[in-house]
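Student: Mind having a look at this structure? Questions to follow.
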Amino acid sequence: MSDALKQLLTYKNLGTVLFNEQLQITEADELANELFVSIGQRLHKGHLLDFFPELIGNEEFLKQIIHQKKNDFRLDFVNRAVDDERPIFFNLLVLPATLKNHGLLILENVTDQALAAQQMNQHRYELHLYKRDPEFRKQFLSESILGRSEAIERIRETIQKLSKFPSATVLLMGETGSGKNLAARVLHYSSMPADAPFVEINCAALPEHLIESELFGYEKGAFTHAVASKRGLLEEARGGSLFLDEIGEMPLNMQAKLLNALETKQFRRLGSTKPIETDLRIIAATNRHLQIEVEANRFREDLFYRLNVVSITMPPLRELGTDVLIISEYLLKLFNIEFKKEVKGFTEDARQLILNYSWPGNVRELSNCLERAMIFAEHETLDATELVISGPLAQHGKPPAQQWVVPTGGLVLEEVERQLILSALKQSGHNKSKAARLLGLTRDTLRYRLDKYQLS
Amino acid sequence: MATVKKKICLIGSFAVGKTSLIERFVYDRFDEKYLTTIGVKVSQKALPPVKNPRGGQIIQHTFLIWDIAGLEKFDSVVANYFRGAAGALLVADLTRPETIDHISRLYDRFSVISPDAVVIVLGNKLDLYKEENQTLSALKAKAVEFKTELTLTSAKTGEGVEQAFLGLSEKIGCLNE
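Protein chains in written order, with my numbering: chain W, 695 to 1150; chain P, 137 to 313.
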């Protein structure tokens, strides 16, 4: 090999291996050796195919190259990963050598290019499969609910089971920011064909008269500004899902109309006498305790039972243990893309802070906190000092004591106590010892209060 | 004991389960997550040693199994992926009928580069397959067209996987030298 060629190869970071007609290695340069060290092997004189099994079956072809009867032999993106964590890709190119009866194998580390190509193909193929393959879609969507905790596994399992019953009504409950909207979408897209509509309405965002026309639609002339007929969301969602977000905020009058549509599976546009059949899945979500709302006469009991066919309670972030770190890592990746940054992770202090804070606003609060930190981030890792949180830190993962405020209209303390005891019993599956622990009482004190409120 | 290495290729559209079949056969494991293959990865698996009936010599065959990315275009590099193969498993996804048509195109190209190689047609993802005659007959027709047999497999459960690889080794002659 000429000095100029050697210089060029070194400049381009290419390793070289010289071999003879018997396919025995006669010389390997330092760079080729380094590349082999990176895959946990040592390159030394021996049979070429022992080090490059990818060339097996091509022995005659290689000999033809040596004798210049063929120009070259090339293999792109040969995966030489030692394990899944450390991918290493080589390009192999065999050329006739200037030394008589020898061949030259040129070795190039192309890991970065291969990973970029891999990522591109992954997205392309996933998109294709997502559209065409319902099983893949279910699996893909299931993985979009992040976390490995038991609670998250249970949510995934429930959604998986529900996906087989595309007409079953589902009630999603949970604190604000706990992922009810995501769960609704995963449920819809796992259950329905890819082109089935997912129609969403936030019941808190629209005034009563607008909710009605939005849901049921109207005929031209039904009211002053109805200059043309309009399909309602119940019609738009035909063959798909209607997601009623913040159903707890729906006015009582509208609740009755919605219930009627759900019970009879038909409705009428405003100003029309013609009934329209409904053919959809209703997914409702609320951060309110609907049972309490029913008792307070703010939510219709019959609608509650109609919606509560299957309920899923999304767990708050503080109950998900180390899942909060998985979600944080994921958000970090998203913000890296959005803000064109290359923050690699969190310092140990930051991880501890994320783990120990109670995140009352759940994923929404976590996302906002990380977004703010990423905007100002200047280092490779995010530190605790860069995470601005607005509440007190939890003790050992428990939420901080809540600040109770007496409503302006006052309250009956005993009724509050009674409700809390009922809630503790429900949470503990009516295990009195567990309920007592939840309330910070002894078992005897709880028994006394159960008698007092005639709950025993 | 003499050792003989044979190159075999797994060929098929993307996401038909080529990598999963190799993972099941070589390491007896399965991962639900889909990770597309880029380029080529060669795995090795030693087959049960056999006695040469002529010389009585024990021969250890090793399969060099080429996991080749789902190919969309053919060029000289793809020819190099196929060259020197003793056999190939042509893999289709039983749940995606379009992958059955693709194996014809792949087989045509493969058989030009390695005309002496033997092939077996695999219908993979048997665990997800809902009995549907059209898909199965289309796959059977491909096997007839390529003058070979069809094996139904599930990389997930392992059903038919070893049978497919050992079937290929038998056709190549690794089990009865």
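For each residue, glycine too, the CB sits at the ideal point set by N, CA and C.
Just so we're clear, the structure is a prediction, and the values are computed from it rather than from any experiment.
(1) Along chain P, which residues have their Cβ under 7 Å away from the Cβ of W/Ala888?
(2) Are W/Leu769 and W/Glu748 touching if we call contact CB-CB under 8 Å?
(3) Run through the DSSP bridge pairs and tell me what W/Thr1075 is partnered with.
(4) With a threshold of 16 other CB atoms inside 10 Å of the CB of W/Ala1167, please say whether the residue is buried or exposed.
(5) Residues of chain P with CB closer than 9 Å to the CB of W/Ile750, please, in chain order.
(6) Anything in chain P within Cβ reach of W/Pro713, meaning under 8 Å, just list it in chain order.
(7) Identify the continuous beta strand (DSSP E) that holds P/Thr287 and give its terminal residues.
(8) Please go through the same chain and pick out, in chain order, the residues whose beta-carbon is closer than 8 Å to the beta-carbon of W/Thr1075, but skip the five residues on each side of it.
(9) I want to verify the contact list: residues of chain W whose CB lies under 7 Å from the CB of P/Ile174, in sequence order.
(10) Leaving aside the five residues before and after W/Lys924 along the sequence, list all residues of the same chain whose C-beta is less than 7 Å from its C-beta, in chain order.
(11) So W/Ser935 is in the alpha helix (DSSP H); what residue range does that whole segment cover?
(12) So which of W/Leu799, W/Asn785 and W/Phe784 has the shortest CA-CA distance to W/Ala791?
(13) Return helix, strand or coil for W/Asp770, following the three-state DSSP convention.
(14) Under 8 Å between the Cβ atoms of P/Ala279 and P/Glu285?
(15) Looking only at DSSP bridge pairs, what is P/Gln196 linked to?
(16) Any C-beta of chain W sitting closer than 8 Å to the C-beta of P/Phe301?
(17) For W/Arg826, go through chain P and note every residue whose CB falls closer than 9 Å to its CB, in chain order.
(18) Output, in chain order, the set of chain P residues within a Cβ distance shorter than 9 Å of W/Arg768.
(19) Once the 5 residues before and after P/Pro233 are set aside, which same chain residues still bring their CB inside 8 Å of it?
(20) DSSP on W/Thr1007, reduced to helix/strand/coil?
(21) Is the region 227-246 of chain P touching the region 779-794 of chain W in the sense that three or more CB pairs, one from each, lie closer than 8 Å?
(22) With a cut-off of 8 Å, does the C-beta of W/Phe755 fall near any C-beta of chain P?
(23) Using a cut-off of 7 Å between C-beta atoms, extract the partners of W/Tyr819 located in chain P.
(24) How would you call W/Ser872, buried or exposed, if buried means at least 16 neighbouring beta carbons within 10 angstroms?
(25) How would you label W/Lys1146, buried or exposed, when you count the other beta carbons within 10 angstroms and need 16 or more for buried?
(26) Name the two residues that bound the continuous alpha helix (DSSP H) containing W/Gly965.
(27) In terms of residues, what are the limits of the alpha helix (DSSP H) holding W/Phe1070?
(28) If I measure Cβ to Cβ from W/Ala1078 and keep anything under 6 Å in the same chain, skipping five residues before and after, which residues do I get?
(29) Does DSSP put P/Thr173 in a helix, in a strand, or in coil?
(30) Does DSSP classify W/Lys1146 as helix, strand or coil?
(31) Chain P partners of W/Phe783, CB-CB under 9 Å?
(32) Using a Cβ-Cβ distance cut-off of 8 Å, determine whether W/Glu829 contacts chain P.
(33) What span of residues does the beta strand (DSSP E) with P/Leu230 cover, start to end?
(34) As an exercise, report each continuous alpha helix (DSSP H) stretch of at least 4 residues that is fully enclosed by the region 979-1004 of chain W, in chain order.
(35) Assign W/Asn714 to one of three DSSP states: helix, strand, or coil.
(36) Can you grab the Cα-Cα spacing for the pair W/Gln735 / W/Gly709, in whole Å?
Tutor: Per the coordinate set shown:
(1) Correct list: empty, because the minimum Cβ distance to chain P is about 14 Å.
(2) yes
(3) W/Gly1039
(4) Because chain W in this structure spans residues 695 to 1150, residue 1167 of chain W falls outside the shown range and cannot be described.
(5) Lys141, Lys142, Lys143, Val178, Leu200 and Gly220
(6) Correcting the residue identity first, residue 713 of chain W is Phe in this sequence and not Pro. Within 8 Å Cβ-Cβ: nothing; W/Phe713 doesn't reach chain P, min ~17 Å.
(7) Leu286 to Leu288
(8) Val1037, Lys1038, Gly1039, Phe1040, Thr1041 and Ala1044
(9) Phe771, Ala808, Ala811, Gln812 and Asn815
(10) Gly911 and Tyr912
(11) Segment Ser935 to Asp939 is the beta strand (DSSP E) holding W/Ser935; no alpha helix (DSSP H) there.
(12) W/Leu799
(13) strand
(14) yes
(15) P/Thr139
(16) no
(17) Arg232 and Glu234
(18) Ser212, Val213 and Asn216
(19) Gln270, Thr271 and Ala274
(20) strand
(21) no
(22) yes
(23) Phe150, Ala151 and Thr172
(24) buried
(25) exposed
(26) Premise fails: W/Gly965 is in no alpha helix (DSSP H) and is neither H nor E.
(27) Asn1056 to Phe1070
(28) Asp1043, Ala1044 and Leu1047
(29) coil
(30) helix
(31) Ile174 and Gly175
(32) yes
(33) That residue, P/Leu230, is in no beta strand (DSSP E); it is neither H nor E in DSSP.
(34) 984-989 and 995-1001
(35) strand
(36) 15 Å
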